[in-house]
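A quick write-up on the structure given underneath.
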Amino acid sequence: MPELPEVEVTRRSFALQIEGARILAVTMGKPLRWALGCVPDKLVGSQVQQVRRRGKYLLIDLDRGMLMVHLGMSGSLRFASDLPALGVHDHFDMRTDRGTLRLHDPRRFGAVIATSGENDPVARKLLDGLGMEPLDASHFRWEAFHAGLQASRSPIKPLLLSGKLVVGVGNIYASEVLFASRIAPTAAANSISTLKAKRLYQSIREILALAVERGGTTLRDFSSADGMPGHFQLQAQVYGRNGLPCMRCGNAIALLRQGQRSTYYCPHCQKT
DNA sequence: CGTGGCTCCTGTTAGC
DNA sequence: TGCTAACAGGAGCCAC
């Protein structure tokens, strides 16, 4: 479900409240994608220092160790002091003296992993090799992005989704940024003109930033940790609009399958 | 190494 | 209305 904007909106919705909190108890539900990596009781007594994000991972720094949280396809976090009883899809529940952090994840593609810190082998394995942070101007450099495109013959849509060049662009935003920059999703990355590559670079920055500003996209059930839904779907130009008229030229939006994922695009506006 | 296919799991929706 | 199949916002792993 969540792409970078939803993860960032989630982070902002509870980071300040949970900082300094002391962990009182941890309860696990059904198993998630990976085991927690330690007995839940081991977390008790630790203090939350800050909540960061790398790609679609939330990194919760503790005075001893680091919790990594991934929302997968259907995950969402809540942080509140008055949460209802655990539901069948609540699989991680961390009670603190400031409130309870709870992961709700019906499909269980998400993860909560306890590591010793950023240099923990498990953390390294998941974080090493991630691409540039699109909302970090000093990290997301045009020169590096352009060089990355030039170095790949992969179709641009799956390359964006892979996170190897730039992180956080998921299935919705991949379609949206390619439409905005008028690039065919099937175009080989190294065949994209410098002009279009520049538009793509700008679109990634602008569209993701706008989505964060708007509170993320809620297609089904996304909400941030304070329970607020997103509003960005009102802005979607192509995603989910198969057969409907293109907002730019009026021709029908087409649907394409790339690597088992749906891609929406305008065949008229997005050539090569 | 880069690339593509499969897989995990549950819920919702489209089609008959 | 009920059944079934397809599909859903991710990404690690394996085989080429």
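For the first sequence, UniProt numbering gives the first residue as 1, with consecutive numbering after it. A virtual CB, placed ideally from N, CA and C, is assigned to each residue, including glycine.
Where residue i sits in the DSSP three-state scheme
i      : result
GLY37  : coil
ILE204 : helix
TYR173 : helix
ILE23  : strand
LEU103 : strand
LEU77  : strand
ARG214 : coil
ARG108 : coil
ARG199 : helix
Bounding residues of the beta strand (DSSP E) (the contiguous stretch that carries residue i)
i      : result
ALA111 : 111-115
ILE60  : 57-62
ARG257 : 254-258
ARG248 : Taken as a continuous stretch (DSSP letters only), ARG248 belongs to no beta strand (DSSP E), as it is neither H nor E.
HIS70  : 66-70
ARG53  : 48-54
TYR264 : 261-265
HIS91  : 90-96
Beta-carbon contacts of residue i that lie in its chain and below 8 angstroms, excluding the five residues immediately before and after
i      : result
SER46  : ARG22, ILE23, LEU62, ASP63, ARG64, GLY65
TYR265 : SER175, LEU178, PHE179, ALA184, PRO185, VAL238, ILE253, ALA254, LEU256
THR115 : GLY37, GLY65, MET66, LEU67, MET68, VAL122, ALA123
ILE207 : TYR173, GLU176, VAL177, ALA180
GLN270 : LEU178, PHE179, ARG182, ILE183, ALA184, PRO185
ARG33  : HIS70, GLY72, ARG108, PHE109, GLY110, ALA111
Whole-Å CB distance - residue i paired with residue j, under 8 angstroms assumed
i      : j      : result
ARG102 : MET73  : No, ARG102 and MET73 are not in contact; Cβ-Cβ is about 18 angstroms, not under 8 angstroms.
ILE156 : ILE183 : 6 angstroms
VAL9   : GLY250 : Not confirmed; about 33 angstroms, so no contact.
GLY230 : GLU6   : 7 angstroms
ALA225 : ARG78  : 6 angstroms
ARG261 : LEU161 : 7 angstroms
ARG222 : PRO2   : According to the sequence displayed, residue 222 carries Phe and not Arg. Rounded, the Cβ-Cβ distance is 6 angstroms, consistent with contact.
LYS56  : LEU4   : 6 angstroms
Sequence-distant residues of the same chain with beta carbon closer than 7 angstroms to residue i, five excluded per side
i      : result
ILE204 : PRO134, VAL166, VAL169, VAL177
ALA197 : HIS146, LEU149
ALA209 : LEU135
VAL44  : ILE23, LEU24, ALA25, VAL26
LEU83  : THR100, ARG102
ARG11  : VAL51, ARG53, LEU58
GLY131 : GLY163, LYS164, LEU165, VAL166, VAL167
GLY243 : ALA252, ILE253
Other residues of its chain near residue i: CB distance less than 6 angstroms, five sequence neighbours each side excluded
i      : result
GLY148 : LEU165
ARG52  : LEU59
HIS104 : SER76, HIS89, ASP90
ALA189 : LEU149, SER152, SER154, ILE156, LEU159
GLN227 : Note that residue 227 is Gly in the sequence shown, not Gln. Excluding residues within five positions, none has a Cβ falling inside 6 angstroms.
PRO267 : ALA254
SER13  : SER224, ALA225, ASP226
Start-to-end residues for the alpha helix (DSSP H) that takes in residue i
i      : result
GLN17  : 4-18
VAL122 : 121-127
- Query: Of all the alpha helix (DSSP H) runs that stay within the bounds of the region 134-193, which reach a length of 4 or more residues?
  - Reply: With a minimum length of 4 residues, the unbroken runs of alpha helix (DSSP H) contained wholly in the region 134-193 fall at 142-150, 156-162, 171-180.
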